[in-house]
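Colleague: Structure incoming, see below.
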Ligand code: GDD
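In this note's numbering, the protein residues as written are 1307 to 1739.
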């Protein structure tokens, strides 16, 4: 891959946000041969060889969340995932009256045999998973029957545990309703490029779609941004500006469903339910690690968190789920910004107005609480989780070596601890500290 180095960056405490990077060549060939002349090291374009991307992919799990998608669509998505990644499918497809999951699993395992890949496929509501999570001390996403709740976020939390137990260093997410296998392939290559470039153990890559095609007056129109993203990005940037004292537009991927992280970062971030999970990555990062009130992880202060945003070349075409769905997604995204203990009153007021004028909430004064928060997975007992799951059909894939493992005592800063702490009014708090 040939990719430009980020032009701009914004620092927020130990977090480094890089501006969107453009890809010039999706494939720039194999590693340089001995007699080949290397280009200038300081070039603004970086060439990442095929082998370097593969090296990352061998250590990466790609999570494919599924809920009642067409099997042909999922099959296309799987075909786009580079061979060396471990694929984990977390399905919440219906089991009654027709057992869609059973059909899905059979069909995908069949395809997996042709790909020569051992797919890890689970159903989100498998009681064995709920029981294992409870014994590991992570019962937050379980319902009263001890079963994992519905929701993409809940599926993502479950898959983060599984990817960790598979011993993977990186985790990436690809929605199962993507019509272009070529786009899927590109996203994973871009995840790998960003993670390869990162110098920190705590890194994240988010895809900024090049375009989203739509039919407008019988013609194809390539819209630049999704309808929810525009609003999410605006308010995330305003939140950053409140603290740095400088206006910014650095964040362009607030809703990015396509994203990847180092496991070190993934296990230290809190989650929020449903479709607010992606913008909440940023909020959780700010709340826990921007060093506004406190920073519990000295290692993060030392190494920093690196967030890359990479613009893809393929258009993003996925199942269209209607206006109400986009409104719900937008509300969930803005709700987590609004409810953050770090949000100043002025920003909260603007969020309410924005939602009200878009007919998403009924009153300009308040919004109904819908989002639920879940803590980071770092403090639960992985050993117990592994033990509980080792007799499952996929047990032999959970190979993380836990012989020297002790459950973490390094409690992260809990969200609740932030509540009641005053929002620093002073701008430029970084300099003021
Ligand atoms: N395991 C699991 N459990 N998967 C689910 C669930 C669930 O309860 N609900 C939905 N999914 C799967 C879908 O099958 C799909 O593959 C993926 O999660 C995304 O869900 P969609 O409902 O299709 O969301 P979207 O395409 O409108 O939104 C996507 O893009 C947004 C950015 O525009 C999502 O990735 C959002 O999270 C993202 O913010």
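Note that the Cβ used here is the ideal one computed from N, Cα and C, for glycine as well. Only a predicted model underlies this, so the values are computations on that prediction, with no experimental measurement involved.
#1: Expressed to the nearest angstrom, what Euclidean distance is found between the alpha-carbon atoms of residue 1739 and residue 1550?
#2: Flag this pair as touching only if the segment 1473-1483 and the segment 1443-1455 have three or more C-beta atom pairs under 8 angstroms; answer yes or no.
#3: Under 8 angstroms, do residue 1377 and residue 1465 count as touching if we go by C-beta distance?
#4: How about residue 1350: is its Cβ closer than 7 angstroms to a heavy atom in the ligand GDD?
#5: Taking 7 angstroms as the cut-off, does the CB of residue 1481 come closer than this to any heavy atom belonging to the ligand GDD?
#6: Leaving out the 5 sequence neighbours to the left and right, which residues in its chain are closer than 7 angstroms to residue 1407 when beta-carbon positions are compared?
#7: Spatial neighbours of residue 1694 within its chain, please: C-beta separation below 6 angstroms, excluding the five flanking residues on both sides.
#8: Report the option in 1324, 1326, 1358 and 1316 whose CA atom is closest to the CA atom of residue 1335.
#9: Tell me, to the nearest whole angstrom, how far the beta carbon of residue 1581 is from that of residue 1529; I am working on the premise that it is less than 8 angstroms.
#10: Cβ of residue 1563 within 7 angstroms of any heavy atom in the ligand GDD?
#11: Quick one: any contact between the segment 1414-1433 and the segment 1640-1659, if contact means 3 or more CB pairs under 8 angstroms?
#12: What is the rounded straight-line gap between the Cα of residue 1388 and the Cα of residue 1423?
#13: Return yes when the C-beta of residue 1310 is under 7 angstroms from any heavy atom of the ligand GDD, and no when it is not.
#14: Taking C-beta to C-beta, are residue 1321 and residue 1635 nearer than 8 angstroms?
#15: Taking C-beta to C-beta, are residue 1331 and residue 1317 nearer than 8 angstroms?
#16: If I follow the unbroken beta strand (DSSP E) through residue 1586, where does it start and stop?
#17: How is residue 1322 classed by DSSP in three states: helix, strand or coil?
#18: Hey, could you find the ends of the beta strand (DSSP E) residue 1701 is sitting in?
#19: For residue 1406, does the three-state DSSP call read helix, strand or coil?
#20: For a test of your reading of the model: does the CB of residue 1372 fall under 7 angstroms from any non-hydrogen atom of the ligand GDD? Yes or no.
#21: Within 7 angstroms: the Cβ of residue 1673 and any heavy atom of the ligand GDD?
#22: Quick one: measure Cβ to Cβ for residue 1489 and residue 1622, integer angstroms, because I've assumed they're closer than 8 angstroms.
#23: Just checking, does the segment 1498-1511 make contact with the segment 1598-1617 on the three C-beta pairs under 8 angstroms criterion?
#24: I'd like to know whether the C-beta atoms of residue 1589 and residue 1642 end up nearer to each other than 8 angstroms.
#25: What span of residues does the beta strand (DSSP E) with residue 1568 cover, start to end?
#26: What does a CB cutoff of less than 8 angstroms around residue 1453 pick up in its chain, not counting 5 residues either side in sequence?
#27: Let me check understanding here. Comparing Cα to Cα, which of 1614, 1380 and 1676 lies closest to residue 1485?
#28: Helix, strand or coil for residue 1334, going by three-state DSSP, please let me know.
#29: Under 7 angstroms from any heavy atom of the ligand GDD, does the C-beta of residue 1631 make it?
#30: Thinking C-alpha only, which one of 1337, 1614 and 1595 is nearest residue 1500?
#31: Could you give the DSSP three-state label for residue 1680: helix, strand or coil?
#32: In this structure, how does DSSP classify residue 1503 when only helix, strand and coil are distinguished?
#33: Any heavy atom of the ligand GDD closer than 7 angstroms to the CB of residue 1534?
#34: Could you check how far apart the C-beta atoms of residue 1426 and residue 1477 are, in whole angstroms? I think they sit under 8 angstroms.
#35: Counting only the same chain and skipping the five closest in sequence on each side, list residues whose C-beta sits under 8 angstroms from that of residue 1355.
#36: Going by beta carbon distance, what residues of the same chain come within less than 8 angstroms of residue 1708, once the five residues before and after it are set aside?
Modeller: Reading it off the structure:
#1: Taking the chain shown and counting its residues from 1, the one referred to as residue 1739 is at position 433. Taking the chain shown and counting its residues from 1, the one referred to as residue 1550 is at position 244. Confidence at residue 1739 is low in this model, with a pLDDT of 44, below 50, so the placement of that residue should be treated as unreliable; the coordinate-derived value is given next. Approximately 12 angstroms between the Cα atoms of the pair.
#2: no
#3: In the chain shown, the residue the question calls residue 1377 occupies position 71. In the chain shown, the residue the question calls residue 1465 occupies position 159. For residue 1377 and residue 1465, no; Cβs fall outside 8 angstroms.
#4: Along the chain shown, read from residue 1 onward, the residue named residue 1350 stands at position 44. No; taking the cut-off as 7 angstroms, the Cβ of residue 1350 has no heavy atom of the ligand GDD nearer than that.
#5: If you number the chain shown from 1, residue 1481 lands on position 175. True, at least one ligand heavy atom lies under 7 angstroms from that Cβ.
#6: Within the chain shown, residue 1407 is the residue found at index 101, counting from 1. Only 1397, 1399, 1401 and 1429 meet the Cβ criterion.
#7: Numbered from 1 along the chain shown, position 388 holds the residue referred to as residue 1694. So the list reads 1438 and 1441, once near-sequence residues are dropped.
#8: The residue given as residue 1335 occupies position 29 in the chain shown. When each option's Cα is compared against that of residue 1335, the closest is 1358.
#9: As a first step, residue 1581 must be located in the chain shown, where it is residue number 275. As a first step, residue 1529 must be located in the chain shown, where it is residue number 223. Wrong, their Cβ atoms sit about 19 angstroms apart, outside the cutoff.
#10: If you number the chain shown from 1, residue 1563 lands on position 257. Yes - the ligand GDD has a heavy atom lying nearer than 7 angstroms to the Cβ of residue 1563.
#11: no
#12: Reading the chain shown from its first residue, position 82 is the one you call residue 1388. Reading the chain shown from its first residue, position 117 is the one you call residue 1423. So the alpha carbons of these two residues sit roughly 11 angstroms apart.
#13: In the chain shown, the residue the question calls residue 1310 occupies position 4. No, since every heavy atom of the ligand GDD falls outside the 7 angstroms radius drawn around the Cβ of residue 1310.
#14: Sequence index remark: in the chain shown, residue 1321 carries index 15 (1-based). Sequence index remark: in the chain shown, residue 1635 carries index 329 (1-based). Cβ atoms of residue 1321 and residue 1635: not closer than 8 angstroms.
#15: As a working note, residue 1331 is residue 25 in the chain shown. As a working note, residue 1317 is residue 11 in the chain shown. Going by C-beta atoms, residue 1331 is not nearer than 8 angstroms to residue 1317.
#16: The residue given as residue 1586 occupies position 280 in the chain shown. Careful: residue 1586 lies outside any beta strand (DSSP E), inside the alpha helix (DSSP H) at 1583-1595.
#17: One-based indexing of the chain shown puts residue 1322 at position 16. Residue state, collapsed to three classes: strand.
#18: Taking the chain shown and counting its residues from 1, one reaches residue 1701 at position 395. From DSSP, residue 1701 is part of no beta strand (DSSP E); its letter is neither H nor E.
#19: One-based indexing of the chain shown puts residue 1406 at position 100. Three-state result, residue 1406: helix.
#20: Translated into positions along the chain shown, residue 1372 becomes position 66. Yes, the ligand GDD has a heavy atom inside 7 angstroms of this Cβ.
#21: In the chain shown, the residue the question calls residue 1673 occupies position 367. It does not: the Cβ of residue 1673 is nowhere closer than 7 angstroms to a heavy atom of the ligand GDD.
#22: On the chain shown, position 183 is the one that residue 1489 refers to. On the chain shown, position 316 is the one that residue 1622 refers to. At roughly 6 angstroms, the Cβ-Cβ gap stays under 8 angstroms, so residue 1489 and residue 1622 are in contact.
#23: yes
#24: Numbered from its first residue, the chain shown carries residue 1589 at position 283. Numbered from its first residue, the chain shown carries residue 1642 at position 336. It is a contact, given that the beta carbons lie within the stated cut-off.
#25: For the purposes of this step, residue 1568 is taken as residue 262 along the chain shown, with counting starting at 1. Per DSSP, residue 1568 belongs to the beta strand (DSSP E) from 1565-1568.
#26: As a working mapping, residue 1453 is identified with position 147 in the chain shown. Here the set comprises 1431, 1433 and 1436.
#27: Here residue 1485 corresponds to residue number 179 of the chain shown, with the count starting at 1. Measuring from the Cα of residue 1485, the nearest candidate turns out to be 1380.
#28: The residue given as residue 1334 occupies position 28 in the chain shown. In this structure, residue 1334 counts as coil in the three-state DSSP scheme.
#29: Here residue 1631 corresponds to residue number 325 of the chain shown, with the count starting at 1. Flag set: Cβ of residue 1631 near the ligand GDD.
#30: The residue given as residue 1500 occupies position 194 in the chain shown. Nearest of 1337, 1614 and 1595 to residue 1500, Cα basis: 1614.
#31: Residue mapping note: residue 1680 aligns to position 374 of the chain shown, counting from 1. It is a strand residue.
#32: On the chain shown, position 197 is the one that residue 1503 refers to. Residue 1503 falls in the helix class under three-state DSSP.
#33: Position 228 of the chain shown, counted from the first residue, corresponds to residue 1534. Result yes, Cβ under 7 angstroms from the ligand GDD.
#34: What you label residue 1426 is simply residue 120 of the chain shown in a count that begins at 1. What you label residue 1477 is simply residue 171 of the chain shown in a count that begins at 1. Incorrect: roughly 13 angstroms between the Cβ atoms, too far for contact.
#35: Taking the chain shown and counting its residues from 1, the one referred to as residue 1355 is at position 49. Around residue 1355: 1334, 1335, 1336, 1337 and 1338.
#36: One-based indexing of the chain shown puts residue 1708 at position 402. Excluding positions up to five away in sequence, the list reads 1688, 1689 and 1692.
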